[in-house]
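Visitor:
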């Protein structure tokens, strides 16, 4: 074992990061669990990391030869901090990087799409994960989950458009393979569940699993943008509402075999996810 064999997981307590950390540890890999609070993670080395504080970067990178990169949350220009970090990482020995992006953002597109474009020139081995919308968007303290609890409704501007919702467990399983397999993907990977669903179908499944009526409330682009803008900056709210408008136009109506191909198992269905995460516990 060399002195540079750790995997740096940025956002190690987040939705995908904690699952990536757990997957790596389960396979016996050494992990540096990075976050702004350096939250302890059993089996991993907790390190403080803040995209906006370059003084935290070197300690996080020390001893790491690969990294899982979760962009700064809520930033409309993550490249401004991520590219300088990656330049430093490449210079200090980071060989492989796996970047979390989105199926809605192509190489060279807005926000993290700019990082996607530059990544191959900055590290020797790489992958960009472009998952569809997370199934976890309907659980916990997310806007959809709160709306379901408070009003029995999911509000979107997606119309009848379909989305290949994907479980964060499947995203993390692909990330572990992309980080640790002998052969690096060196490409972008679009990740989906096994079936594309409309929000009407999602609401129906949640209703069936929970026994509580949940409906899909159809909003206009402007209504959704203004709803988001009450909580986040207008520029970011506009980008999120634009993604729903793209869904309505069919941009996310697709499925891929990526999860099956890289992990050797089929992706989780939305119904199985709902039964696991949303169904009432008796």
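In this note's numbering, the protein residues as written are 2 to 283. Beta carbons are placed, not taken as given, at the ideal position from N, Cα and C, and that holds for glycine.
1) Any chance you could list the beta strand (DSSP E) runs of at least 3 consecutive residues sitting entirely within the region 121 to 202, in chain order?
2) Mind checking who residue 35 pairs with in its DSSP beta bridge?
3) Let me make sure I understand the geometry here. Which of 123, 175, 200, 14 has the alpha-carbon closest to that of residue 269?
4) Look at the alpha carbon of residue 9 and the alpha carbon of residue 180, and state the distance between them as a whole number of angstroms.
5) Could you tell me which of 144, 250, 66, 39 sits nearest to residue 162, measuring between CA atoms?
6) Would you be able to state if there are at least three C-beta pairs under 8 Å between the region 41 to 52 and the region 191 to 201?
7) DSSP puts residue 68 in a beta bridge; with which residues?
8) May I have the straight-line CA-CA distance separating residue 173 from residue 278, to the nearest angstrom?
9) With burial defined as no fewer than 16 other Cβ atoms inside 10 Å of the residue's Cβ, what is the status of residue 234: buried or exposed?
10) My guess is that residue 36 and residue 14 are in contact by the Cβ rule of under 8 Å, so how many angstroms apart are they, rounded?
11) Please name the residue or residues paired with residue 216 in a DSSP beta bridge.
12) For the candidate residues 164, 158, 53, whose alpha-carbon lies nearest to that of residue 242?
13) In chain order, what residues of the same chain have a beta carbon less than 8 Å from the beta carbon of residue 276, not counting five sequence neighbours either side?
14) Between the region 109 to 123 and the region 74 to 81, do three or more beta carbon pairs fall short of 8 Å?
15) Identify whether residue 117 lies in helix, strand or coil by the three-state DSSP scheme.
16) Taking 8 Å as the threshold, find out whether the region 179 to 194 comes into contact with the region 122 to 141 through three or more Cβ pairs.
17) What whole-angstrom Cβ distance do residue 178 and residue 264 have, given they're in contact under 8 Å?
18) What three-state label does DSSP hand residue 85 in the structure shown?
19) Just checking my contact of residue 197 with residue 258 at CB under 8 Å: how many whole Å lie between their CB atoms?
20) Taking 7 Å as the limit between beta carbons, can you name the residues of its chain near residue 170, skipping five residues before and five after?
21) Please identify the residue among 55, 216, 76 whose C-alpha is closest to the C-alpha of residue 237.
22) Under 8 Å, do residue 84 and residue 119 count as touching if we go by C-beta distance?
23) Note the first and the last residue of the continuous alpha helix (DSSP H) segment covering residue 260.
24) Would you please state the rounded distance, in angstroms, between the beta carbons of residue 221 and residue 128? I believe it to be under 8 Å.
25) Would a C-beta distance cut-off of 8 Å place residue 69 and residue 18 closer than the cut-off?
26) Put residue 245 into one of helix, strand or coil per three-state DSSP.
Guide: Reading from the atomic positions:
1) DSSP runs (the beta strand (DSSP E)) wholly in the region 121 to 202: 126 to 132, 154 to 157, 188 to 192.
2) For residue 35, which the question treats as bridged, DSSP gives the partners 11, 48.
3) In terms of CA proximity to residue 269, 175 leads the group 123, 175, 200, 14.
4) Near 10 Å, if we compare the C-alpha coordinates of residue 180 and residue 9.
5) If you compare the alpha carbons of 144, 250, 66, 39 with that of residue 162, the shortest gap goes to 250.
6) The count of Cβ pairs closer than 8 Å, one atom from the region 191 to 201 and one from the region 41 to 52, stays below three, leaving the stretches out of contact.
7) Among the bridge pairs identified by DSSP, residue 68 is matched with 9, 98.
8) Going by C-alpha positions, residue 173 is about 17 Å away from residue 278.
9) Residue 234 should be labelled exposed.
10) Between residue 14 and residue 36 the Cβ distance is about 6 Å, and since that is below 8 Å, they are a contact.
11) In the DSSP secondary-structure assignment, residue 216 is bridged to 154.
12) When only C-alpha atoms are compared, the closest one is 158.
13) Setting aside the 5 residues that flank it on each side, residue 276 is surrounded in the same chain by 210, each with a C-beta closer than 8 Å to its C-beta; the list follows chain order.
14) Taking a cut-off of 8 Å on C-beta distances, the region 109 to 123 touches the region 74 to 81, as three or more cross pairs fall below it.
15) Under the three-state reduction of DSSP output, residue 117 falls in the helix class.
16) Result yes; three or more Cβ-Cβ pairs closer than 8 Å.
17) Right, their Cβ atoms sit about 6 Å apart.
18) Note: residue 85 maps to helix in three-state DSSP.
19) Contact doesn't hold; Cβ gap of about 14 Å is too wide.
20) So the list reads 20, 269, once near-sequence residues are dropped.
21) Answer by Cα proximity: 76.
22) Contact: yes.
23) Following the DSSP letters along the chain, one finds residue 260 inside the alpha helix (DSSP H) bounded by residues 259 to 264.
24) The C-beta distance from residue 221 to residue 128 rounds to 37 Å, too long to meet the 8 Å contact threshold.
25) It is a contact, given that the beta carbons lie within the stated cut-off.
26) In the three-state reduction of the DSSP assignment, residue 245 falls in the helix class, which pools H, G and I.
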